[in-house]
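S.K.: Here it is, the structure, as structure tokens.
Chains as they are written, first to last, in our numbering: chain A, 650 to 945; chain B, 89 to 241.
This is the structure in structure tokens:
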């Protein structure tokens, strides 16, 4: 039996709308004689190699996020309070479900950091952080939901990935884009690791040192308020929290979010519609559990 | 034998042509809910896993409609899916394709990266174990007055 030419296999797939590629058993079509490598070469003819943050896959984003999260937790101590961490986790998952990106590769995860610094971070892939210093400024579950929704918005809008220098991705994609898939040499693994390290450093610097651009922060506020509203929290709690941030700012609180974010007063002026959803209602149970979880 | 190969190729083409839906979507996350209605908190009728593919219409308002139910567009891609070639690290994809898990930056790259950094991956592993099932999140929301009994908004 002759080998089915890759071009014939590709043509067949094109005819069937290129659907279900991973479920189509190429070996059954070819007697196992057309390798996946050959097949890939056939289907990628004429297409451009990946080049931008938008081309980073879900799983790649997850691994970038894991490394960024690991770097953050080497700088800030994770708080060992299972009850508070679980409480924040549930709130984050609730607002994430109502977001533009309810599903990330392995889900959203939250960790409270034991730091007096007023800060919160979102690493790519859904790794969210909030400090105890910030929690001391929060007065309700709805405010905490807005804070976490702001961080979810950074993930949903891929703000972290967009801070990665193009040169990092170009280097990584150049290695990944070498002809067809194969076992990479140790030097290629080394090149990938260097690109990965640079990628992680870019994101960490944006989160911890330089901050995102003002436009990205305003976008995260606007969409965060929307996600909180769609989870039936009070979106106006975003404003009440920022009001308290502004007071702390005037009182001389420094560092953390005050350094990496626009002034709270400016953020308030940029907030859009803060009307709650028709299903919104206040809840004594919500107040009680907030007080119980945030006693420290 | 060339005829035989051609017959198989045409059969694959005919199979694809019979689909009634406009697109094929492939799940790119570990798992995602297939919902009864195109709403965030609608009941989940099934769970779709990484690599599952569905014939679908949409997206409309952020949701793809499949025979099984509705899937949010953020969890899937309607682009071509890049096949694995079985390598641990390798894999190339074009801008018109997407890669499934295991390609590019992956666990092997992470292992290599760990060797030269004091980063706290143990804390990340602990953080990931905190994930809460959707049913528990919905119960939490109901208890806090955030959802009606119907479980959807």
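We treat Cβ as the ideally placed atom computed from N, Cα and C, and that holds for glycine.
Closer than 9 Å by beta-carbon distance: list the chain B residues that pair up with residue 766 of chain A, in chain order.
M.R.: In the first chain, counting from the first residue as 1, residue 766 of chain A sits at position 117. Simply none; closest approach about 17 Å.
S.K.: Comparing the C-beta of residue 223 of chain B with each C-beta of chain A, is any distance below 8 Å?
M.R.: As a first step, residue 223 of chain B is located in the second chain; it is residue number 135 there, counting from the start. No, because no Cβ of chain A sits closer than 8 Å to the Cβ of residue 223 of chain B.
S.K.: According to DSSP, what are the bridge partners of residue 727 of chain A?
M.R.: Residue numbering aside, residue 727 of chain A sits at position 78 when the first chain is read from its first letter. Answer is A/762.
S.K.: Evaluate residue 790 of chain A with the Cβ neighbour count: other Cβ atoms within 10 Å of its Cβ, from every protein chain shown; 16 or more gives buried, anything less gives exposed.
M.R.: As a working mapping, residue 790 of chain A is identified with position 141 in the first chain. With 16 or more other Cβ atoms within 10 Å, it is buried.
S.K.: Alpha carbon to alpha carbon, what distance is there between residue 702 of chain A and residue 821 of chain A?
M.R.: Walking along the first chain from the start, residue 821 of chain A turns up at place 172. Walking along the first chain from the start, residue 702 of chain A turns up at place 53. So the alpha carbons of these two residues sit roughly 11 Å apart.
S.K.: Suppose contacts are defined by Cβ-Cβ distances below 8 Å. Is residue 110 of chain B in contact with residue 123 of chain B by that definition?
M.R.: On the second chain, residue 110 of chain B is found 22 positions in, with the first residue counted as 1. On the second chain, residue 123 of chain B is found 35 positions in, with the first residue counted as 1. Not closer than 8 Å, so no.
S.K.: Within 8 Å (strictly less), CB to CB, does residue 672 of chain A reach chain B?
M.R.: Position 23 of the first chain holds residue 672 of chain A. The predicted model places residue 672 of chain A with a pLDDT of 30, which falls under 50 and marks its position as unreliable, so this point remains unresolved.
S.K.: Against residue 201 of chain B, what residues of chain A qualify as contacts under a CB-to-CB distance less than 7 Å, listed in chain order?
M.R.: Looking up residue 201 of chain B in the second chain gives position 113. Ordered by position in chain A, the residues that pass the 7 Å Cβ test against residue 201 of chain B are 716, 842, 845, 846.
S.K.: Run through the stretch 809-881 of chain A for me and flag every whole beta strand (DSSP E) of 3 or more residues, listed as ranges in chain order.
M.R.: Runs of the beta strand (DSSP E) inside the stretch 809-881 of chain A: none found.
S.K.: Here's the rule I'm using: 16 or more other beta-carbon atoms within 10 Å means buried, otherwise exposed. How should residue 959 of chain A be labelled?
M.R.: Within the shown structure, residues of chain A are numbered from 650 to 945, placing residue 959 of chain A beyond reach of any answer.
S.K.: Roughly how many whole angstroms lie between the Cα atoms of residue 933 of chain A and residue 130 of chain B?
M.R.: As a first step, residue 933 of chain A is located in the first chain; it is residue number 284 there, counting from the start. As a first step, residue 130 of chain B is located in the second chain; it is residue number 42 there, counting from the start. Their backbone Cα atoms lie some 25 Å apart in a straight line.
S.K.: Counting only C-beta atoms, is residue 212 of chain B closer than 8 Å to chain A at any point?
M.R.: Locating residue 212 of chain B in the second chain gives position 124, where the first residue counts as 1. Answer yes: the Cβ-Cβ gap between residue 212 of chain B and chain A drops below 8 Å somewhere.
S.K.: Note the first and the last residue of the continuous beta strand (DSSP E) segment covering residue 144 of chain B.
M.R.: One-based indexing of the second chain puts residue 144 of chain B at position 56. Where residue 144 of chain B is concerned, the enclosing beta strand (DSSP E) stretches over 141-148.
S.K.: Determine, using beta carbons only, whether residue 231 of chain B comes closer than 8 Å to chain E.
M.R.: Here chain E cannot be found, since the structure's protein chains are A and B.
S.K.: Can you name the residues that DSSP bridges to residue 119 of chain B?
M.R.: Locating residue 119 of chain B in the second chain gives position 31, counting from the first residue. Residue 119 of chain B is bridged to B/137.
S.K.: Residue 158 of chain B: which of B/166, B/121, B/165 sits nearest, CA to CA?
M.R.: The sequence position of residue 158 of chain B within the second chain is 70, counting from 1. When each option's Cα is compared against that of residue 158 of chain B, the closest is B/121.
S.K.: Measure the alpha-carbon distance for residue 806 of chain A versus residue 938 of chain A and round it to whole angstroms.
M.R.: Against the first chain, residue 806 of chain A aligns to sequence position 157. Against the first chain, residue 938 of chain A aligns to sequence position 289. The straight-line gap from Cα to Cα measures roughly 30 Å.
S.K.: Find the nearest neighbour of residue 163 of chain B within the set A/756, A/863, A/801, judged by alpha-carbon distance.
M.R.: As a working note, residue 163 of chain B is residue 75 in the second chain. Among A/756, A/863, A/801, the Cα nearest to that of residue 163 of chain B belongs to A/756.
S.K.: So what's residue 915 of chain A in DSSP terms, helix, strand or just coil?
M.R.: Reading the first chain from its first residue, position 266 is the one you call residue 915 of chain A. Residue state, collapsed to three classes: helix.
S.K.: Would you call residue 143 of chain B buried or exposed, if buried means 16 or more other Cβ atoms sit within 10 Å of its Cβ?
M.R.: As a working mapping, residue 143 of chain B is identified with position 55 in the second chain. Counting Cβ neighbours within 10 Å, residue 143 of chain B comes out buried, since at least 16 surround it.
S.K.: Please tell me whether residue 887 of chain A has its Cβ less than 8 Å away from any Cβ of chain B.
M.R.: The residue labelled residue 887 of chain A in the question sits at position 238 within the first chain. With 8 Å as the cut-off, residue 887 of chain A does not count as an interface residue toward chain B.
S.K.: Residue 628 of chain A and residue 881 of chain A: beta carbons closer than 8 Å?
M.R.: In this structure chain A extends from 650 to 945, so residue 628 of chain A is not present and cannot be described.
S.K.: Please classify residue 165 of chain B: does DSSP put it in a helix, a strand, or coil?
M.R.: Within the second chain, residue 165 of chain B is the residue found at index 77, counting from 1. Residue 165 of chain B falls in the strand class under three-state DSSP.
S.K.: What is the DSSP secondary structure of residue 676 of chain A, counted as helix, strand or coil?
M.R.: Reading the first chain from its first residue, position 27 is the one you call residue 676 of chain A. Residue confidence is low: residue 676 of chain A scores 28 on pLDDT, short of 50, so the model does not pin down where it sits. No coordinate-derived value is stated.
S.K.: Over what stretch of residues does the beta strand (DSSP E) that includes residue 780 of chain A continue unbroken?
M.R.: Along the first chain, one-based indexing puts residue 780 of chain A at 131. Residue 780 of chain A -> beta strand (DSSP E) spans 776-780.
S.K.: Say whether chain A places a C-beta atom closer than 8 Å to the C-beta of residue 132 of chain B.
M.R.: Mapped onto the second chain, residue 132 of chain B falls at position 44. Chain A, which has no Cβ nearer than 8 Å to the Cβ of residue 132 of chain B, makes this no.
S.K.: Closer than 6 Å by C-beta to residue 907 of chain A: which residues in its own chain qualify, once you throw out the five before and the five after it? Chain order, please.
M.R.: Position 258 of the first chain, counting from 1, holds the residue named residue 907 of chain A. The residues are 898.
S.K.: Suppose you measure from the CA of residue 866 of chain A to the CA of residue 941 of chain A; what does that come to, to the nearest Å?
M.R.: As a first step, residue 866 of chain A must be located in the first chain, where it is residue number 217. As a first step, residue 941 of chain A must be located in the first chain, where it is residue number 292. About 30 Å.
S.K.: Beta-carbon of residue 155 of chain B versus every beta-carbon of chain A: anything under 8 Å?
M.R.: Translated into the one-based positions of the second chain, residue 155 of chain B becomes position 67. It does not; no Cβ of chain A falls within 8 Å.
S.K.: Whose C-alpha, out of A/928, A/800, A/895, is nearest the C-alpha of residue 871 of chain A?
M.R.: Indexing the first chain from 1 puts residue 871 of chain A at position 222. Per the Cα distances, A/800.
S.K.: So, does the CB of residue 904 of chain A fall closer than 8 Å to a CB anywhere in chain B?
M.R.: Residue mapping note: residue 904 of chain A aligns to position 255 of the first chain, counting from 1. For residue 904 of chain A, the answer is no, since every Cβ of chain B falls outside 8 Å of its Cβ.
S.K.: Taking 6 Å as the limit between beta carbons, can you name the residues of its chain near residue 811 of chain A, skipping five residues before and five after?
M.R.: Position 162 of the first chain, counted from the start, is the residue given in the question as residue 811 of chain A. Excluding residues within five positions, the ones whose Cβ falls inside 6 Å are 702.
S.K.: Excluding sequence positions up to five away, which residues of its chain have a Cβ less than 6 Å from the Cβ of residue 726 of chain A?
M.R.: As a first step, residue 726 of chain A is located in the first chain; it is residue number 77 there, counting from the start. The answer, listed in chain order, is 763.
S.K.: Helix, strand or coil, according to DSSP, for residue 267 of chain B in the structure here?
M.R.: The structure shown does not extend to residue 267 of chain B, since chain B is modelled only from 89 through 241, so no value can be given for it.
S.K.: Kindly list, in the order they appear in chain B, the residues whose Cβ is closer than 7 Å to that of residue 836 of chain A.
M.R.: Along the first chain, read from residue 1 onward, the residue named residue 836 of chain A stands at position 187. In chain order: nothing, as chain B lies at least about 12 Å away.
S.K.: Quick check: residue 808 of chain A and residue 869 of chain A, are their CB atoms within less than 8 Å of each other?
M.R.: Position 159 of the first chain, counting from 1, holds the residue named residue 808 of chain A. Position 220 of the first chain, counting from 1, holds the residue named residue 869 of chain A. Closer than 8 Å, so yes.
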